[in-house]
Amino acid sequence: MSMLERQLNNYRITTAEILYRMPDTPAILQTFIWQNLDLAPHFPELRKFLDFWEARLDGPLHSVRVAAASVIMPPRYRCVAGDFRLH
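Under this note's numbering, think of the first position of the sequence shown as -5, with each following residue one higher.
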């Protein structure tokens, strides 16, 4: 599916802030930012990435924060209360 088709099928730009611990220094948290089009609220792409992380990478996950927003939206109009003229 192309990016436009995915957006029309309700995929949203999803950003995940992943906090994890380094294997050699477990007292320090590191940050990784992941961003992709994903389908809210189940986030199958993010889950696939996190499953890969847990299976293949050494740094254990601490926490994940997720934010999602629609990329394609209907236009918004609002009335303006003032009129400004130049010259």
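Beta carbons are placed, not taken as given, at the ideal position from N, Cα and C, and that holds for glycine.
A quick note: this is a predicted structure, and the numbers were derived from the prediction, not measured.
**Message:** Taking only three categories from DSSP, how would you classify alanine 62?
**Reply:** Position 68 of the sequence shown, counting from 1, holds the residue named residue 62. Three-state DSSP puts alanine 62 in a strand.
**Request:** Just tell me which of Leu33, Leu51, Leu2 has its CA closest to the CA of threonine 9.
**Result:** Start at 1 with the first residue of the sequence shown, and residue 9 comes out as number 15. Nearest C-alpha to threonine 9: Leu33.
**Request:** Would you tell me roughly how many angstroms separate the C-alpha atoms of leucine 13 and methionine -5, rounded to the nearest one?
**Result:** Indexing the sequence shown from 1 puts residue 13 at position 19. Indexing the sequence shown from 1 puts residue -5 at position 1. Using only the alpha carbons, I get a separation of about 30 Å.
**Request:** Taking glutamine 29 as the reference, give the member of Asp45, Pro35, Val60 with the closest Cα.
**Result:** Residue mapping note: residue 29 aligns to position 35 of the sequence shown, counting from 1. The residue with the shortest Cα to Cα distance from glutamine 29 is Val60.
**Message:** In this structure, how does DSSP classify leucine 13 when only helix, strand and coil are distinguished?
**Reply:** As a first step, residue 13 is located in the sequence shown; it is residue number 19 there, counting from the start. Three-state result, leucine 13: strand.
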